[in-house]
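In this note's numbering, the protein residues as written are 24 to 196.
As structure tokens, the structure follows; a few thoughts come after it.
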Amino acid sequence: MSFDPSIPKNSYTEKEWTEKEEWYVRETNKLQFNAAPTPGDVQNFAIDIDRLLTVARIDYAFVNQKYDRLNMQKKIEETRQFVLLKQQPPKQFAGMKFTVDEMKGVVSEMIQTTPWAGTSLSLYDLIHIYSGRYIFMESIIKLLQDKKDLLITHNGILKIESSLSSMQPSIPN
24 MSFDPSIPKN
34 SYTEKEWTEK
44 EEWYVRETNK
54 LQFNAAPTPG
64 DVQNFAIDID
74 RLLTVARIDY
84 AFVNQKYDRL
94 NMQKKIEETR
104 QFVLLKQQPP
114 KQFAGMKFTV
124 DEMKGVVSEM
134 IQTTPWAGTS
144 LSLYDLIHIY
154 SGRYIFMESI
164 IKLLQDKKDL
174 LITHNGILKI
184 ESSLSSMQPS
194 IPN
């Protein structure tokens with residue numbers, strides 16, 4: 024089964040996410056208004072924006088959820104490691120006195136060098152990955168929202184032009 028970037032998923036491999044980003048870039052670049060859009064152009068544009076925004080908002084929800092969860096897990100893990108280090112320092116640190124900042128450094132190093140939740144990546148690496156995805160999805164949604172606003176403007180112009188062309192002169196000949 025091949026990967027279809029137009030279908031949102033709860034999680035993506037690195038390769039799939041790269042394809043997904045490329046797909047969003049390609050699809051948003053296709054959304055270009057010509058100088059004088061027809062009502063049909065506006066309607067097609069609205070359908071295309073809606074399709075992309077739907078997929079983007081679902082992807083954004085999943086990415087945001089994962090990013091928030093990882094950040095919460097980071098806070099819990101940092102606190103847990105800090106307490107463990109204080110209560111039972113590893114052999115290489117036995118008898119040593121640390122400042123709070125030094126302990127935070129040791130905790131960060133421990134988290135950075137420990138694979139997280141059955142992956143080959145650390146918790147910090149995962150947060151970095153999902154931070155990038157989060158920023159990307161926010162940008163895509165903002166871009167699509169801007170295009171939607173432009174669509175509303177063009178639709179308003181078409182309505183005004185239509186009403187002006189249907190008006191009859193009120194001054195007698």
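Just so you know, even glycine gets a beta-carbon here, dropped at the ideal spot from N, CA and C.
In this text the structure is predicted, and so the values were computed from the model without any measurement.
Counting C-beta neighbours from all protein chains within 10 Å, is the total for residue i 16 or more, i.e. buried, or is it exposed?
{"i": "Ile150", "result": "buried"}
{"i": "Phe68", "result": "buried"}
{"i": "Met95", "result": "exposed"}
{"i": "Leu28", "result": "Note that residue 28 is Pro in the sequence shown, not Leu. Buried is the call here."}
{"i": "Lys170", "result": "buried"}
{"i": "Lys43", "result": "buried"}
{"i": "Val123", "result": "exposed"}
{"i": "Ala48", "result": "As written in the sequence, residue 48 is Val, which differs from the Ala given in the question. By the neighbour-count rule (16 or more Cβ atoms within 10 Å), Val48 is not buried but exposed."}
{"i": "Met160", "result": "buried"}
When you compare only the Cα positions, how much space is there between residue i and residue j?
{"i": "Asp172", "j": "Glu39", "result": "30 angstroms"}
{"i": "Gly155", "j": "Ile164", "result": "14 angstroms"}
{"i": "Ile99", "j": "Val130", "result": "12 angstroms"}
{"i": "Phe105", "j": "Asn33", "result": "32 angstroms"}
{"i": "Asp64", "j": "Glu50", "result": "16 angstroms"}
{"i": "Gly128", "j": "Leu174", "result": "51 angstroms"}
{"i": "Ser186", "j": "Pro62", "result": "14 angstroms"}
{"i": "Ala140", "j": "Ala59", "result": "54 angstroms"}
{"i": "Pro138", "j": "Val78", "result": "31 angstroms"}
{"i": "Asp148", "j": "Ile180", "result": "48 angstroms"}
{"i": "Ser188", "j": "Tyr83", "result": "43 angstroms"}
{"i": "Phe121", "j": "Leu93", "result": "27 angstroms"}
{"i": "Thr136", "j": "Pro113", "result": "15 angstroms"}
{"i": "Glu45", "j": "Thr142", "result": "25 angstroms"}
{"i": "His177", "j": "Glu132", "result": "54 angstroms"}
{"i": "Gln110", "j": "Tyr35", "result": "39 angstroms"}
{"i": "Thr41", "j": "Lys182", "result": "41 angstroms"}
{"i": "Asn211", "j": "Gln168", "result": "Because the chain spans 24 through 196 in this model, residue 211 falls outside it and cannot be assessed."}
What is the residue span of the alpha helix (DSSP H) that residue i lies within?
{"i": "Ser162", "result": "Leu146 to Ser189"}
{"i": "Gln55", "result": "Per DSSP, Gln55 belongs to no alpha helix (DSSP H) and is neither H nor E."}
{"i": "Met133", "result": "Val123 to Gln135"}
{"i": "Ala140", "result": "That residue, Ala140, is in no alpha helix (DSSP H); it is neither H nor E in DSSP."}
For residue i, which residues of its own chain have a beta-carbon under 6 angstroms away from its beta-carbon, when the five flanking residues on both sides are left out?
{"i": "Lys89", "result": "Tyr153"}
According to DSSP, is residue i helix, strand or coil?
{"i": "Asn33", "result": "coil"}
{"i": "Asp27", "result": "coil"}
{"i": "Met119", "result": "coil"}
{"i": "Thr77", "result": "helix"}
{"i": "Ala62", "result": "Before going further, note that residue 62 is Pro rather than Ala in the sequence given. The answer is helix: DSSP assigns Pro62 an H, G or I state."}
{"i": "Gln96", "result": "helix"}
{"i": "Gln110", "result": "helix"}
For residue i, which residues from the same chain have a beta carbon less than 7 angstroms from its beta carbon, with the 5 sequence-adjacent residues on both sides left out?
{"i": "Leu108", "result": "Met126, Val129 and Val130"}
{"i": "Asp71", "result": "Leu54"}
{"i": "Val86", "result": "Tyr153, Arg156, Tyr157 and Met160"}
Among the residues of its own chain, which have a CB less than 8 angstroms from the CB of residue i, if the five just before and after it don't count?
{"i": "Ile134", "result": "Lys97, Glu100, Glu101, Gln104, Ser145, Leu146 and Tyr147"}
{"i": "Asn197", "result": "Absent from the structure is residue 197, since the part of the chain shown begins at 24 and ends at 196."}
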